[in-house]
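Residue numbers (UniProt numbering), protein chains in the order written: chain A, 1 to 330; chain B, 1 to 330; chain C, 1 to 330; chain D, 1 to 330; chain E, 1 to 330; chain F, 1 to 330.
For every residue, glycine included, the Cβ atom is placed at its ideal position computed from N, Cα and C.
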Ligand SMILES: [Ca+2]
Ligand SMILES: [Ca+2]
Ligand SMILES: [Ca+2]
Ligand SMILES: [Ca+2]
Ligand SMILES: [Ca+2]
Ligand SMILES: [Ca+2]
Ligand SMILES: [Ca+2]
Ligand SMILES: [Ca+2]
Ligand SMILES: [Ca+2]
Ligand SMILES: [Ca+2]
Ligand SMILES: [Ca+2]
Ligand SMILES: [Ca+2]
Ligand code: NI
Ligand code: NI
Ligand code: NI
Ligand code: NI
Ligand code: NI
Ligand code: NI
Ligand code: NI
Ligand code: NI
Ligand code: NI
Ligand code: NI
Ligand code: NI
Ligand code: NI
Ligand code: NI
Ligand code: NI
Ligand code: NI
Ligand code: NI
Ligand code: NI
Ligand code: NI
């Protein structure tokens, strides 16, 4: 069983039930989610050993958060419980032409002040095959940026694969550092980029004519880089999207099928499900199969409420191969 | 801030949750709604000063009704609380090919017996720019028909704009008057008609070959008339409609975009949201922009549970201009 | 009022609310359903006298089950309450490309051990016009297979029409008998088969090139056979199917419209609603009208939560004739 | 199996969930209840044949009402579905020192206009042993007062026992008749009165010093009278009451235990459960046992949500005999 | 109609439904509450004109908060919507011997940074009779402490009555000021103290042998002081408390009844309901009646879910006078 | 951190929400529980390392069960997922005088057929300090009885403490063995008995005059026996019990306080919480403190919904020492 290490904040997700708006709700559905843990949880459901690194407040809500990760199969033994508040995000699910809305309330969270000084790196990376990070973590605070770099150095020291979802978020990065100074360094330790043109522009503070140009630059500049992965999404409405993805190697590329996604249930975490599928695929399959598996994982996530994929290996494989779509399985 | 006056009954709306039928439900979701208050609430959410005229029973359910209007931003200071029962409508949301069903239980309501004799017209119309009524109110009772006429005279006296949603309802009009006798008179005080061919036929008790003919007659006959507005809806199913609208001036017309509405959440109150958008548009925008704004308001209402629009100015403007449809806004 | 007799197990149906997965649910919605009782309940809602034959455990859950059938209009006076457990099926509603999942937990149920020895056949069949069974019942146990045969003989003795939904289920038939030995016999007493090619193959343990060949064989071999009915379904996804049906007489056939079913609410019991519509149609209408009525019943069931149709005669008739689709009825 | 006939209105009961107030609720729990049908349903749950006489609107809500009675075991074959509205009562459950509140919205209901002219009295009373009515029904309308009298005459003609819950309600009786004119006549046909001092005063329009005096007068004046039953309740708070009852024969009396009722779940329908227990007791037990059984039925109803008792014979018997109180039964 | 001004933070209250613990909940019930607004809302429900001063974030959750205050009858025209986050408190309702738990997450809220510089004091205090503050507000931040003092000076300038709920909270006061420096000053402007011995000790940084001594000191030292009010509570468990209160004038005192509170529904906001009752009482009643009215208001609040009293004048008066406790009002 | 091993079946618990009866519910709340896992989960919440031994079906419901145990902090690595069904118990919560009802539906479960042949005993018991079993497990099947004995031998081999909750259940033991033959043997390996007089009688098939006699016999006969623990419960009603406990050593005994438990939330699992507290106490405290800690754990469980204690060490300690009962902790 492959062991995967993921790093990142996990927030309390509060969303009005069904199609209600923030203004009218009288209750919030409770989930816990965060990009990197979502990636890990997708794989934990497939039986992989996934250990997540994060920090929660040392109170009942923090304990509920780690309990929920544990339920989802994540190894929570390295999670710290420290003073601070729980990061929160309020999610109003979009419907039809109406967009989804996210209100972040994550400033001052326990994780944002977490320096990871007491982590036992040998125990964490013992037997690990892969490390995954995203561009959200270094954007949160100086401590988080440094912790990300430390993780990457630990991963490199042990020669394991590293993926990074560059995922530039302009409303973060408030602690006084230029994103590109930090991101460029982190990208050097990374073997797989999940990124689009805008991410490359912002993370590197450079302008690119198009994705093609950005991609070429990246393969030239980052010598550890082995794959770039890009997803394409067309939003007809909040209830109807179409998506596909491409996996680029230095010299060739592999395109997935396009999925027509109508009757969307939950749009959040679909990129994370894709990333989980990608890591699984690159560890077990050939590149072409890997990108198909990843895209099927991302597509089927749109049908599952919450941040987490919660679909079996068999369900993803069947969708990737076009079997058993929309049946009643008895 | 523009001040708008609206008049009409607000009912307790009881609907089975989700897709349940009346026969199988074990609870009812509670909303409060009525055509004219829905029109006002759409605008109140955009920051306009909207005062609604109505009467509620002087009991806890009546107080809950006025509290809910107040939450939605409506100025409730002129609402009367008097003896009588609360008008109710039971709504079963349709789905797929199955139609929605409304069971009205509004006979004998407090509002139906409300004569408005103690209303302070100067206070009500102080600073007002617009008055809105619908063809439902005069159909309820003799008292309501007279109250509507009184309001129209008060509005005319002050020279403010008046819109009327003609909205002929054949299962009302039970108090012994011919609709056309009353409606014709009310229409004379009105500057904007929201009406289709059937409404013109019934309200005037005349036959028209088509909408064109009715429209010409109306501009000829009603000298205060400035605009006629008509919406067109095609119902593929309860879950999928397409809609558009046209604004007619005497000599020209302005057509909106057509919206393809799939995955409909709540069909009720969409015409009222449109009317709210129309009044807002005619007060702030050019005619072509006004009809686009109105239609965007009507379209996005299909995604919001309850009778009321509850979408911000920015959301409606973005939809009218085709931006940010179906995204995740962070 | 026509009287119909149905026979079969009714299970407790437990399904996670909305789109939740088994892994994440914290409550189950409760329904009661079973293929043959679903057929009967559709007709009971249309005012027919439907008596269902089954057995429930003699405990509070069994009493709730018979109470629910009674609410749905079924005559429960012949239902036995005996020792044993309640059969259960867990249903996870599919959405989008994700399939629905059913986990059966019906082994050892009260009904599986029910021999019906104390049933009063004269009382049951007094005034009856039709008997309906399905291929699920004889598959459950030796007792159930014998009870089905007894019913068929009772029906034949009285010369009433018999319909059978052949509905082969490979994961049943565990009591040591060959399906075709039993099924062939039961089919001999049956006037209407609801069956597709696979059902014919399994029930008769023969191979057929196509449906055409199976159908011809059936009309040749079963002399009581008057109609064969086959439905066709294309599953684009769990949320979008298209369906149609054909009614075959020996010498001619009648095809229904095709329904495009988007925004599916509940896929379960749609075949049973179709069968209920078919029996009603064959009792009251001409064959062409009957198959249209049946298919409309099956189509509109997709919009109703639970196993049971719960739509009025008028609603089905309007859909069959293409009126009033997706409106608001006031 | 004894057959019991009951007569009376059944209303839609709408109550905010849990301890919420009308002002703050966003949904209503749905039940159906009415005094006399509640009496009948208690006995139907014990296996007696109970036929209820009433009228419901001929719409989906009316059909849901009769379906619910049927689920609860009541024989609904004589219930009429006629034009009119559904009577409603809004119930806010009290808690602690805060009282429960009922808002009646029953004027103009289908039942209030029901004359029962088409009822088949021979079919209704075939095999019947008991008829039960309450003082609510004649108070609703002239039609209802006459229908009550008709029923009493039909019962008398067949020599069966009649019980009447005198239950004077001052806010009814609005159709222009003096209560005592009507009530006195109805009481003459009645063998068992459930009544307190206030009921005697109002129904007979006489003053009594105390219950003793009223009771003596009643046994003197009403020659068919065999039993008078009176309950006593002390309300410490909405959550804590104590209750007991006495059964009077002409010459002697039988007192029940006193029940200390803390943690009350639902106070409504407890008198009806008592009346159901009383009728059952007088049909099957000796007077002393009957009043104990009745009081146990009334007491345990306080633990069941809704209007209806829904407790088995065994549960009531065990409570009456003091066994198995507050255990876990496995 | 008396006008009352209140000042203070209103938070989003998130509580697991029923008796669930934070660790196990899957949804949060949503309320909005804050000590001083709760005081005001109690009185607004009794028809008084209550204007609340606070600041909310300028986002959908902030708008929902002011909408909810408006529903509850509060004049929200002076509420500011400014950048910042919504203060939150998580509430786990206690039950039996298990305590309730509150997790505050209010640091960095919009209100904590609110300086009120743009408030129009003349408009706010126009027609006002009373100003109410609590010891929570000055504890939040330097800005809040200064804003409280400004309000008190504005109130004094206009000669209106001022009440202060001293309510010392040791886990606030983190902005570097000594509580007693600020509190002593604020107390000088205040005519009514709601305080116990501990509050006096902390607010004045002095030691007192007992309440008697503290009270004497207070009347000596604060020349504007007219009343001191103290409540006494005994907690047998989270579900069972007993409470009473005393109103002290300089030379005499008035004690309320003691309420035995079993089956507690919601313990939060009961002191605020008491304070609302006290202000109402001191404005309309004699001191002895005032303290009885206040204590009845505080007692009956334990039966209402949420932070707010939501009981009518009549309900409080009846409880104060011992009438109609725990009945069914029809 | 102490490591504890527990063995036993964990069932799906389905209970109607709130106070509803089986007959009336439309949903079931979902929990997972079983006596021995409940014991372990109480301790896992206090930070102990608890590994549970059981088997679940190899389907989504089985995976949800192990996920839930994991969330609750239990080490699930030794849990088997094998063919079979999930054991179920239906729980209707009692209220007032009405008893709780449990309907077991556990026959043929995966666990009942589990022989544990592939368990790695060295890994399981590595570092373990305690093993806990109950009398339910050997009663389920021959396989389960043998597995219990195997565990006890493994525990003895390693010299760790063993506790057994004798808990005789007469409706189990259906596989053909005499209970006392099996139980006597298992008791020989056990150091702590949790048992009352009835348990001793049934497990040993002997008659005892009273507990005193049974206890003396036990200390004489079972040489490994160190403690006997007995709880006493008086059930005034389902909502009000009082409980206490005694810990017996061979020569002395320690009695706990008596807890008066009113407003009971969930009666199930309270004995298991007590047992968890007892094991914790015997591992960390003196006997007198241990029995007080255990009884506090058992008492406070009555306030927590579900089978599991979910209270912190501090909460139990505070209750044991009489601090902070029924407060609001901020
Ligand atoms: Ca949601
Ligand atoms: Ca969602
Ligand atoms: Ca709805
Ligand atoms: Ca809706
Ligand atoms: Ca469902
Ligand atoms: Ca469903
Ligand atoms: Ca309720
Ligand atoms: Ca209730
Ligand atoms: Ca929950
Ligand atoms: Ca609460
Ligand atoms: Ca429950
Ligand atoms: Ca429970
Ligand atoms: Ni959704
Ligand atoms: Ni609310
Ligand atoms: Ni949808
Ligand atoms: Ni919907
Ligand atoms: Ni129900
Ligand atoms: Ni849809
Ligand atoms: Ni849960
Ligand atoms: Ni859908
Ligand atoms: Ni559904
Ligand atoms: Ni609402
Ligand atoms: Ni309660
Ligand atoms: Ni209730
Ligand atoms: Ni509660
Ligand atoms: Ni959950
Ligand atoms: Ni309670
Ligand atoms: Ni409860
Ligand atoms: Ni239901
Ligand atoms: Ni309670």
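Need the endpoints of the beta strand (DSSP E) that residue 248(A) sits in, please. Position 248 of the first chain, counted from the first residue, corresponds to residue 248(A). Looking at the DSSP string, the run of the beta strand (DSSP E) that includes residue 248(A) is 240-248.
Same chain, Cβ closer than 6 Å to residue 147(B), five either side skipped, listed in chain order: In the second chain, the residue the question calls residue 147(B) occupies position 147. Here the set comprises 116.
Integer Cβ distance of residue 108(E) from residue 8(A), believed to fall under 8 Å: Taking the fifth chain and counting its residues from 1, the one referred to as residue 108(E) is at position 108. Taking the first chain and counting its residues from 1, the one referred to as residue 8(A) is at position 8. Not a contact, Cβ separation roughly 22 Å.
Taking CB distances under 8 Å as the criterion, tell me whether residue 71(E) reaches chain B. Within the fifth chain, residue 71(E) is the residue found at index 71, counting from 1. With 8 Å as the cut-off, residue 71(E) counts as an interface residue toward chain B.
Strictly below 7 Å CB to CB, what residues from chain F border residue 300(D)? If you number the fourth chain from 1, residue 300(D) lands on position 300. Near residue 300(D) (Cβ distances below 7 Å), the residues of chain F are 97, 98.
Can you pull the chain C residues whose beta carbon is under 8 Å from the beta carbon of residue 342(F), in chain order? The shown model of chain F, from 1 to 330, leaves out residue 342(F), and the question about it has no answer.
Run of the alpha helix (DSSP H) containing residue 287(F), from where it starts to where it stops: Here residue 287(F) is taken as the residue at index 287 of the sixth chain, counted from 1. It spans 287-301 - the alpha helix (DSSP H) in which residue 287(F) sits, taken as one unbroken run.
Please report the distance separating the alpha-carbon of residue 312(E) from that of residue 183(B). Position 312 of the fifth chain, counted from the start, is the residue given in the question as residue 312(E). Position 183 of the second chain, counted from the start, is the residue given in the question as residue 183(B). The straight-line gap from Cα to Cα measures roughly 42 Å.
Leaving out the 5 sequence neighbours to the left and right, which residues in its chain are closer than 6 Å to residue 205(D) when beta-carbon positions are compared? One-based indexing of the fourth chain puts residue 205(D) at position 205. Counting only Cβ-Cβ distances below 6 Å, and skipping sequence neighbours, we find 180.
Whole angstroms is fine: what's the gap from residue 222(A)'s alpha carbon to residue 17(F)'s? Reading the first chain from its first residue, position 222 is the one you call residue 222(A). Reading the sixth chain from its first residue, position 17 is the one you call residue 17(F). Cα to Cα, the separation comes out at about 58 Å.
Under the DSSP definition of a beta bridge, which residues are partnered with residue 130(D)? Here residue 130(D) refers to the residue found at position 130 of the fourth chain. Bridge partners of residue 130(D): 4(D), 161(D).
Could you compute how far the alpha carbon of residue 226(F) sits from the alpha carbon of residue 249(F)? Here residue 226(F) refers to the residue found at position 226 of the sixth chain. Here residue 249(F) refers to the residue found at position 249 of the sixth chain. The alpha-carbon atoms of residue 226(F) and residue 249(F) are separated by roughly 6 Å.
Determine the closest residue to residue 294(F) out of 310(F), 1(F), 284(F), 276(F), with distance taken between C-alpha atoms. The residue labelled residue 294(F) in the question sits at position 294 within the sixth chain. Taking only the C-alpha atoms, the option nearest residue 294(F) is 276(F).
Report back the beta-carbon spacing between residue 272(C) and residue 306(C) to the nearest angstrom; my notes put them in contact at under 8 Å. As a working mapping, residue 272(C) is identified with position 272 in the third chain. As a working mapping, residue 306(C) is identified with position 306 in the third chain. Rounded, the Cβ-Cβ distance is 11 Å, inconsistent with contact.
Within the 8 Å Cβ cut-off, does residue 216(C) reach chain B? Within the third chain, residue 216(C) is the residue found at index 216, counting from 1. No, residue 216(C) does not count as interfacial toward chain B.
Assuming the contact rule is C-beta atoms closer than 8 Å, residue 134(C) and residue 161(C) should be a hit. Round their C-beta distance to whole Å, please. Taking the first residue of the third chain as 1, we reach residue 134(C) at position 134. Taking the first residue of the third chain as 1, we reach residue 161(C) at position 161. Rounded, the Cβ-Cβ distance is 15 Å, inconsistent with contact.
Going along the chain, which residues of its own chain have a beta-carbon closer than 6 Å to the beta-carbon of residue 142(F), five neighbours each way excluded? Position 142 of the sixth chain, counted from the first residue, corresponds to residue 142(F). Result list for residue 142(F): 175, in chain order.
Quick check on residue 241(A): buried or exposed, where buried means 16 or more other Cβ atoms within 10 Å of its Cβ? Numbered from its first residue, the first chain carries residue 241(A) at position 241. When all chains shown are included, residue 241(A) counts as buried.
Please list the partners that residue 236(E) has in chain F, where partner means a Cβ-to-Cβ separation under 7 Å. The residue given as residue 236(E) occupies position 236 in the fifth chain. Simply 326.
Mind listing the chain E neighbours of residue 85(A)? Cutoff is C-beta to C-beta under 8 Å, in chain order. Taking the first residue of the first chain as 1, we reach residue 85(A) at position 85. In chain order: 105, 107.
Rounded to a whole number of angstroms, what is the C-alpha to C-alpha distance between residue 245(C) and residue 278(A)? As a first step, residue 245(C) is located in the third chain; it is residue number 245 there, counting from the start. As a first step, residue 278(A) is located in the first chain; it is residue number 278 there, counting from the start. Taking the straight line from one Cα to the other gives about 43 Å.
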